[in-house]
Amino acid sequence: MRRFRLILFCLALLTFGCMQSKNIDEYAYVLNVGVERGTTMPYLVTFLVSVPGGTEEIKVTNEVISAEARSFSEAYETLNAAYPSRLSFSRASLLVIGEELARNGGQTTFLDFAFGKPDLWPNLRVVVAKEPLRDVFEGWVSDADPSLRKIKTAVGDLSQASGITADAGYGMYLEAISDDRFDAMLAYAGANEYGLREDLVGNEAYPYVGGSLLVDSLLSTSTAGSAVFDGDRMVGILDGRHTMEVLMVTDAFRRGELGFTAPDGQTLRVTVYRVRAPKIRLGNGTAEVELFLEADPFEPETVPMRSEELKAFLAEQLAAELNAVFSTIQSVNSDVMGFGRFAAKRFVRVSDWERYDWKSDYRTLSVTFSVTVTLSHNPHDPEME
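In our numbering, the protein residues as written are 6 to 390.
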């Protein structure tokens, strides 16, 4: 009798569990979350939604939906009620902030309220984009990549493979806007049709600045360059080359391609690699930064300099560019190179650091950059023949 009752009890549990279960097709997965300034309400919230298909021919479809609201929860409830499938954030990978909102610091209140539980958003990367975000999201949708795998991995992969954009997670972004030890540098995206954006330093070395490509492609939204912040406010854009140089100082750089104009006017193309971590020494109002890089020239037999000349030339050029980048970001009070991290190490107690006004000292910080360059291949040396 006891065994019979136990069987009935188990059957009841199974039946109840089946009644409560949800078919996977009932869910639509929010992959990207966007927030920008609204027209009639404070925020316009946009979701890029992936819907599993019901046939072999249609495995997934992607849609862009949006709603104006006073808060994230209000936008979610509005969209969830209007959308035929239940919205799930289990696959969310990108948080995109509209540039105007970022420049005014208006995203802080929204983010604190909407994403107050970091355990729900462990995989979010944060990106700044030129509005309207609907155009940006629709530009990422392509028949060539229906699952949006490229979008979900592009920011991190692009940062590691080329160094032309930053890679920052949601946790790092929150830390940056709430702590003076460093400022945020986020990947920048934009619809290609918006054309070039002028960067802070100027003299961009690539045909794109801040996300806009001068090419036609299957994706009409591009990611390149970076948005730089002073606390919670965006203060400008760095192009791909200048982003690389900041990443070299923060030790987030791995490899990238750079072009230089040789003294004879010839263009030199080199692939640059990180050799080891930079050395940074911070003293009383001064900082010394030493970088260690390896350069691999394209077509080394055509390089019009001997090995030692080439190494010295590249080191001198990079040091000069690093000085220019630092002077520019310092002028807008942005510590994206992270010197505040080293200043904080001088304090034993957190309370002492919190009372210290690092940004005041940062405005007058004098930095010296030195670069050591080795070569992967020795260029053609006519004197050695």
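Positions of the beta carbon are idealized from the N, C-alpha and C atoms, including for glycine. No experiment lies behind these values; they were computed from the predicted model shown.
Given residue i as reference, the closest of the options once Cα atoms are compared
| i | options | result |
| --- | --- | --- |
| SER371 | ARG360, SER332 and VAL378 | SER332 |
| THR266 | ILE334, GLN322, THR248 and GLU306 | GLN322 |
| LYS364 | VAL69, SER339 and ARG286 | SER339 |
| GLU68 | ASP362, GLY110 and SER147 | SER147 |
| ASN2 | LYS284, TRP145 and MET239 | What the structure shows of the chain is the stretch from 6 to 390, and residue 2 is not part of that stretch, so it cannot be assessed. |
| MET253 | GLY207, THR113, THR66 and THR170 | THR170 |
| TYR193 | GLY241, VAL206 and GLN165 | GLY241 |
| ASP269 | PRO283, GLY288, THR307 and LEU138 | THR307 |
| GLY288 | ALA86, ARG346 and GLU359 | ARG346 |
| LEU243 | ARG260, ALA189, LEU224 and TYR32 | ALA189 |
| VAL65 | LEU224, VAL35 and THR373 | VAL35 |
| VAL337 | ARG108, THR255 and GLU41 | ARG108 |
| GLU31 | VAL56, GLU41 and ALA97 | VAL56 |
| ALA379 | LEU315, GLN335, GLU359 and ARG360 | The sequence given here places Thr at residue 379; Ala does not occur at that position. Among LEU315, GLN335, GLU359 and ARG360, the Cα nearest to that of THR379 belongs to LEU315. |
| ALA33 | GLY39, TYR48 and VAL54 | VAL54 |
| ARG139 | GLY103, ALA173 and THR113 | GLY103 |
| THR255 | VAL50, ALA173 and GLU82 | ALA173 |
| ARG238 | ALA257, MET310 and ALA181 | ALA181 |
| THR377 | THR291, MET310 and LEU298 | LEU298 |
| GLY261 | ALA166, GLY207, SER225 and ARG286 | ALA166 |
| MET46 | LEU224, ALA292 and ARG75 | ARG75 |
| VAL206 | SER225, HIS247 and LEU224 | HIS247 |
| PHE258 | SER312, GLY290 and MET342 | MET342 |
| PHE344 | PRO302, VAL50 and THR369 | THR369 |
| PRO302 | ILE285, ALA87 and LEU263 | LEU263 |
| ARG286 | LEU191, GLU359, VAL355 and ARG351 | ARG351 |
| ASP184 | TYR361, TYR88 and LEU224 | TYR361 |
| ASP366 | ILE70, THR113, GLY110 and THR291 | THR291 |
| ILE334 | VAL251, GLU82, THR113 and ALA87 | VAL251 |
Opening and closing residue of the alpha helix (DSSP H) in which residue i lies
| i | result |
| --- | --- |
| ALA257 | No alpha helix (DSSP H) contains ALA257, which DSSP labels as neither H nor E. |
| MET190 | It is not in any alpha helix (DSSP H) - MET190 instead sits in the beta strand (DSSP E) that spans 190 to 196. |
| ILE285 | Taken as a continuous stretch (DSSP letters only), ILE285 belongs to no alpha helix (DSSP H), being part of the beta strand (DSSP E) at 272 to 287. |
| ASP366 | 363 to 367 |
| ALA86 | 77 to 87 |
| GLY176 | 175 to 183 |
| VAL141 | 138 to 145 |
| GLU359 | 355 to 360 |
Presumed contact (8 Å Cβ cut-off) between residue i and residue j, rounded CB distance
| i | j | result |
| --- | --- | --- |
| ALA3 | ARG186 | Lying outside 6 to 390, the shown extent of the chain, residue 3 is not represented and no answer is given. |
| LEU92 | LEU84 | 7 Å |
| ALA300 | VAL280 | That pair is no contact at about 10 Å. |
| PHE77 | PHE52 | That pair is no contact at about 11 Å. |
| SER375 | GLU304 | 28 Å between Cβ atoms; not a contact. |
| GLY230 | ASP204 | 7 Å |
| SER164 | GLY195 | Contact flag wrong, Cβ pair sits at about 17 Å. |
| GLU105 | GLU79 | So it is not a contact: roughly 21 Å between Cβ atoms. |
| VAL38 | ALA97 | 6 Å |
Where the beta strand (DSSP E) containing residue i begins and where it ends
| i | result |
| --- | --- |
| THR307 | Where THR307 is concerned, there is no enclosing beta strand (DSSP E), given that its DSSP letter is neither H nor E. |
| SER227 | 226 to 235 |
| ARG130 | 130 to 134 |
| MET239 | 238 to 243 |
Residue i beta carbon near the ligand MN (any heavy atom closer than 7 Å)
| i | result |
| --- | --- |
| ALA325 | Because no ligand of any kind appears in the structure shown, any question about the ligand MN cannot be addressed here. |
Chain D within 8 Å of residue i, Cβ atoms only
| i | result |
| --- | --- |
| LEU84 | Within the model displayed, chain D is absent; a lone protein chain is all it includes. |
Residues sharing a beta bridge with residue i, DSSP
| i | result |
| --- | --- |
| TYR34 | SER55 and SER93 |
| ASN67 | SER55 |
| PHE344 | DSSP, once it has assigned bridges, lists no residue as partnering PHE344. |
| ALA292 | LEU287 and VAL372 |
| VAL40 | VAL50 and ILE102 |
| MET333 | Note that residue 333 is Thr in the sequence shown here, rather than Met. Answer by DSSP bridge pairing: none, since THR333 is not bridged. |
| GLU73 | LEU49 |
| PHE297 | ARG281 and THR377 |
| THR266 | THR272 |
| THR392 | Absent from the structure is residue 392, since the part of the chain shown begins at 6 and ends at 390. |
Given 8 Å as the limit, is there contact between the stretch 226 to 244 and the stretch 315 to 327, that is, 3 or more CB pairs closer than that? no
Using 8 Å as the threshold, is the stretch 131 to 142 in touch with the stretch 164 to 181, meaning 3 or more CB pairs across them? yes
Should the stretch 308 to 319 be regarded as contacting the stretch 256 to 274, the criterion being three or more beta carbon pairs within less than 8 Å? yes
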